[in-house]
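Read through the structure below, which is laid out as C-alpha cells, and then see the notes.
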Amino acid sequence: AGEAASCPRRHSAKCSKSWYSMQEEVCSWQLSLPRAVQREVISCALGIPPRQKDPSNLNILVVNRKDAHSRFIQNHREMMTALRKANPSATFREFVAADMSLEDQIRAFAWADFVIAPHGAALGQVSYMNPGGAVLEIGYPKTTMPLIFMGTASSVGQRYFLSIAKSGSHGTGLVANIQDVVSVARKAVQHLQAPGE
42 AGEAASCPRR HSAKCSKSWY SMQEEVCSWQ LSLPRAVQRE VISCALGIPP
92 RQKDPSNLNI LVVNRKDAHS RFIQNHREMM TALRKANPSA TFREFVAADM
142 SLEDQIRAFA WADFVIAPHG AALGQVSYMN PGGAVLEIGY PKTTMPLIFM
192 GTASSVGQRY FLSIAKSGSH GTGLVANIQD VVSVARKAVQ HLQAPGE
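Below is the structure:
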C-alpha cells in the first residue's frame, strides 16, 4: 500500500516501470504534489477558517486504527493515558476514520496542532493541517525509514517526528514504545510552544 511507488528504476539494465519498495529507491514525486494549494482550496470549499494556534492549549489528534486489521496500536489505551498525563493542558481528540465522513476527517486534521498516528493512510491527511504543526508517526521495526509520510508532512510545513514500535509489522498490530512516544511527543510540544527555538 503506502510502501511502494511506481517510478522508473534508474540503476538497472531494464528501463521499465514497476512497483517496488521504497527501500530500493526513493522518488521525489511526493514533493511535487501541490498539497498546500489543495489544503487552501478544500478549506475554502468547506468553510474551514485558518486556525490560530494557542501554545498554552494545543489540540492533539491521535489516530486510533482499532477498525483496521493491521498497524493498530495494541496498547493504545495505555499510550493515551501516558500522553494525557504528560500533556495535561492539551485538548485530545481520538480519530477513527471508519466513524467519520471524509469532510469530518478533513475538519479533524484542520483542527489539530499535533497529530500522533501509527503508519497508515490517515497520515496522508496531515496535508489539511495548518502550517507550523507537528506529526508523530509510530512506525514498525524494519530496515528502512518510513519516508512517505515524512515527505507529506514536510511538504506542507509540519515538523515530522518518528517513534518505532517495540514490535509489530506492516501486516500486524503494533506495540508502541510508550516511553519513547511520550518523550518524542514532549519534543514536538516544545517545538510547538516555542517554534523559533
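According to this note's numbering, the sequence shown is numbered sequentially starting from 42. Cβ atoms here follow ideal geometry from the backbone N, Cα and C, with glycine treated the same way. Predicted model, so just to flag it, every value in this text is computed and none were measured.
Of the residues F113, I89, G88, V103, the one whose Cα lies closest to the Cα of L177 is V103. For A217, same chain residues with a beta-carbon under 6 Å away, outside a window of 5 residues either side, are I114, N116, M120, I179, A206 in chain order.
Beta-carbon to beta-carbon, A194 and Y169 are separated by about 12 Å, too far to satisfy the 8 Å threshold. Taking C-beta atoms as the reference points, S111 and G173 fail to come closer than 9 Å. Distance from the CA of I157 to the CA of R106, rounded to the nearest whole angstrom, comes to 12 Å.
Around the C-beta of V82, fewer than 16 other C-beta atoms lie within 10 Å, and the residue is accordingly described as exposed. Assignment of T185 by DSSP, reduced to helix, strand and coil, places it in the coil class. Residue burial annotation: N98 is exposed, with fewer than 16 other C-beta atoms found within 10 angstroms of its C-beta.
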